[in-house]
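One structure is given below, encoded as structure tokens.
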């Protein structure tokens, strides 16, 4: 820590040094490397940067943790809260089947963790084959997603051996950590009763249970948000180098979980600047000195979007106004209201959290208004906490201006979790003021939450109606069932949408478009039997609504060029069927002709949305359901 009696010249020198390092970091992140070189830097240095950041964070966290205080709290009854948190975590995890929930994000991070474990290269495995008993990744590319989550999964791989299911293990470990941090933060702002209420309130959100049982980075994002808020409040109360180091490094790690989590870096900076101004001194521990350099990896990684704009997925949804625009705000607010107010269990929502959020946010803003007009200053911890609540509100507003920011969409509903965390925290903050001198107010609230959890949350999780429309996720877990039933990996899979899943499990796989490009090589290896079993995954759709005839979609049908033997088939809806088949034999000239046809169609293919086809499918589905015996 900087000495309290440091001279003004020393203070100025430290500020200048930090400004120079921050300027150097900006230059390195935005003005130095061309895009391809930037991606190579991330690919080869990403693992080392995450390792150094985590080790430094662990060092400062260990030094800043008030161990004596925590032991006292444990002995005075904290162990009971610990049992509640562990028991609640187990309850949540036994309700929801573990599996992939948001396929693309989760599979890409599993693949990145696979590569980080095998070679320390920060990239996904896009091509690989079995040589003897080993699966050898042969080609990869940098993903757009930040690296902290796949790095932590790769650490689990290092400790326990490589298994794709380690993503579920990590989220299972993080669940009680999240609830524990939520309890600590609730206790810090409203006492022990507030901590219990925060845990119980957030547990009523079925979406949280879904995320905890999945393989995505949403739980880690919430963990790092809560950790950063808590460490920021502790630094505001006890400003020293250890607390500052843990706080700023927590912010760096948070920025490397989700793309938009980098928005919390200004909040971290505001807290540090405010505390430095109040203390009339500027601490410059090693952690703060290197923090800007550790953040350089983030802007460098975003160069992947410059080289491949398709990664922004702007063609997946109407997006005439670009990635972010106020033009999306109105529709997204309507979809958010639909999510929070739906009663047919088709949304993984909690009405209790929605009502608490409306009350909490409104009265929190009123408290801020009163505080800035009051003669007495707010407590330091409350100032830091308020800054982060405003940052959470800013993140929510940004998501409402996102082209795919629909909270009621099965893919993007997860974006609402930080907003729902904001709802819970603001309500716990204002609830004591609203209830005044009401005796046993926390017991009354917790009893209400418990009743709601039993009557709404548990049945909603049990029905999983919100998951039935996520056919891609359901399909990916069907693939996992097949892989679990088949212990050998001596086979090759042709699959259009999720070859990364098969590669993550050590099975060579290519998409139909890649197969068309390399058809001659495939035919050669098929003739030599060097690929083992060759399997084909086909999506079937209804082509004749009068008879209900199902045929593979365009590009998935080899016709007479290949003879197929069905292995497994599953019908998710009357118009959505997935079939897994084995290639028994091929006609090489016909397969080459099929490949040329696919390549020609790809060059002229454009995304379409056939409204009439969807109407036929909806009508056929209704008739199919009505005809059930």
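Numbering (the numbering used here), first residue to last: 1318 to 1946. Backbone N, C-alpha and C fix where the C-beta goes; we use that ideal spot for every residue, glycine too. Given the structure is predicted, the values throughout are model-derived calculations rather than measurements.
Tell whether a beta-carbon distance below 8 Å holds between residue 1433 and residue 1471. Yes, the pair counts as a contact, with Cβ atoms nearer than the cut-off.
Using the rule of at least 16 other Cβ atoms within 10 Å of the residue's Cβ for burial, across every protein chain shown, is residue 1269 buried or exposed? There is no way to answer for residue 1269, as the model of the chain reaches only from 1318 to 1946.
Does the beta-carbon of residue 1846 have 16 or more other beta-carbons within 10 angstroms, so that it is buried, or is it exposed? That one is exposed.
Quick one: is residue 1650 buried, meaning 16 or more other Cβ sit within 10 Å of its Cβ, or exposed? Residue 1650 is exposed by the Cβ-count criterion.
At the level of alpha carbons, what is the spacing between residue 1876 and residue 1945? C-alpha of residue 1876 to C-alpha of residue 1945: approximately 32 Å in a straight line.
Counting C-beta neighbours from all protein chains within 10 Å, is the total for residue 1567 16 or more, i.e. buried, or is it exposed? It is buried - the Cβ of residue 1567 has at least 16 other Cβ atoms within 10 Å.
Rounded to whole angstroms, how far is the Cβ of residue 1314 from the Cβ of residue 1605, which I believe are closer than 8 Å? Nothing can be reported for residue 1314, as the shown portion of the chain is limited to 1318 through 1946.
Boundaries (first-last residue) of the beta strand (DSSP E) holding residue 1458: Element bounds for residue 1458: 1451-1458.
Own chain partners of residue 1510 with C-beta closer than 7 Å, once the 5 adjacent residues on each side are dropped: For residue 1510, where only same-chain residues beyond five positions count, the Cβ hits under 7 Å are 1759.
Per-residue DSSP class, three states only, for residue 1883: In the structure shown, residue 1883 sits in a strand (DSSP, three-state: E or B).
Give me the residue from 1523, 1821 and 1531 with the minimum Cα distance to residue 1419. If you compare the alpha carbons of 1523, 1821 and 1531 with that of residue 1419, the shortest gap goes to 1531.
Does DSSP put residue 1888 in a helix, a strand or coil? In the structure shown, residue 1888 sits in a strand (DSSP, three-state: E or B).
If I measure Cβ to Cβ from residue 1926 and keep anything under 8 Å in the same chain, skipping five residues before and after, which residues do I get? At residue 1926, the pLDDT of 48 sits below 50, so the modelled position is not reliable; the number obtained from the coordinates is stated separately. The beta carbon of residue 1926 lies closer than 8 Å to none in the same chain, with the five residues before and after it left out.
In the structure shown, what three-state DSSP assignment does residue 1639 receive? Coil.
Ignore the nearest five residues each way along the sequence and tell me which others in residue 1552's own chain have a CB closer than 6 Å to its CB. For residue 1552, where only same-chain residues beyond five positions count, the Cβ hits under 6 Å are 1560, 1561 and 1564.
With DSSP as the reference, please indicate the residues paired to residue 1809 in a beta bridge. Within the DSSP bridge table, the entry for residue 1809 names 1851 as partners.
Residues sharing a beta bridge with residue 1440, DSSP: DSSP lists no bridge partner for residue 1440.
Residue 1295 vs residue 1860 beta-carbon contact at 8 Å: As shown, the chain starts at 1318 and ends at 1946. That puts residue 1295 outside it, with no answer to give.
Three or more C-beta pairs below 8 Å linking the region 1405-1413 and the region 1483-1498: Yes, the region 1405-1413 touches the region 1483-1498.
Same chain, Cβ closer than 8 Å to residue 1521, five either side skipped, listed in chain order: Leaving aside the five residues that flank residue 1521 on each side, the residues in its chain whose CB is nearer than 8 Å to its CB run, in chain order, 1667, 1669, 1670, 1766, 1769, 1770, 1773 and 1774.
For residue 1778, does the three-state DSSP call read helix, strand or coil? The answer is helix: DSSP assigns residue 1778 an H, G or I state.
For residue 1813 and residue 1783, what's the separation of their Cα atoms in angstroms? Between residue 1813 and residue 1783, the C-alpha separation is close to 25 Å.
DSSP bridge partner residues for residue 1826 (one or two, in chain order): Residue 1826 pairs with 1810.
Kindly indicate which residue of 1710, 1681 and 1884 has the alpha-carbon position closest to the one of residue 1748. Looking at the Cα atoms, 1681 is the closest of the given residues.
Would you decide whether residue 1823 is buried or exposed? Buried here means 16 or more other CB atoms lie within 10 Å of its CB. Buried: at least 16 other Cβ atoms inside 10 Å.
Go to residue 1577, then tell me how far its beta strand (DSSP E) extends in each direction, as first and last residue. Element bounds for residue 1577: n/a, residue is neither H nor E.
When you compare the region 1356-1370 with the region 1424-1444, are there three or more beta-carbon pairs, one atom per stretch, that lie closer than 8 Å? The region 1356-1370 makes contact with the region 1424-1444: 3 or more CB pairs, one atom from each, lie closer than 8 Å.
Go to residue 1406, then tell me how far its alpha helix (DSSP H) extends in each direction, as first and last residue. Judged by DSSP secondary structure, residue 1406 falls within the alpha helix (DSSP H) whose first and last residues are 1396-1412.
Coarse secondary structure for residue 1694, derived from DSSP in three states: Of the three classes helix, strand and coil, the one that applies to residue 1694 here is coil, per DSSP.
Given this structure, state the Cα-to-Cα distance separating residue 1357 from residue 1444, to the nearest angstrom. For the pair residue 1357 and residue 1444, the Cα-to-Cα distance works out to about 18 Å.
Can at least three beta-carbon pairs, one atom from the region 1640-1655 and one from the region 1475-1489, be found at a separation below 8 Å? As far as the Cβ criterion goes, the region 1640-1655 does not touch the region 1475-1489, which means the pair count is below three.
Mind checking whether residue 1806 and residue 1331 have CB atoms under 8 Å apart? No, they are not a contact pair.
Measuring only the C-alpha atoms, how far is residue 1652 from residue 1456? Distance between the alpha carbons of residue 1652 and residue 1456 is about 40 Å.
What's the C-alpha gap between residue 1318 and residue 1724? Note that residue 1318 has pLDDT 42, beneath the 50 cutoff, so the model's placement of it is unreliable and no number is given.
Within the same chain, show all residues whose beta-carbon is closer than 6 Å to that of residue 1870, passing over the 5 residues directly before and after it, in chain order. Closer than 6 Å at the Cβ level, and outside the excluded window around residue 1870, lie 1856 and 1858.
Secondary structure at residue 1899, three-state DSSP: helix, strand or coil? Strand at residue 1899.
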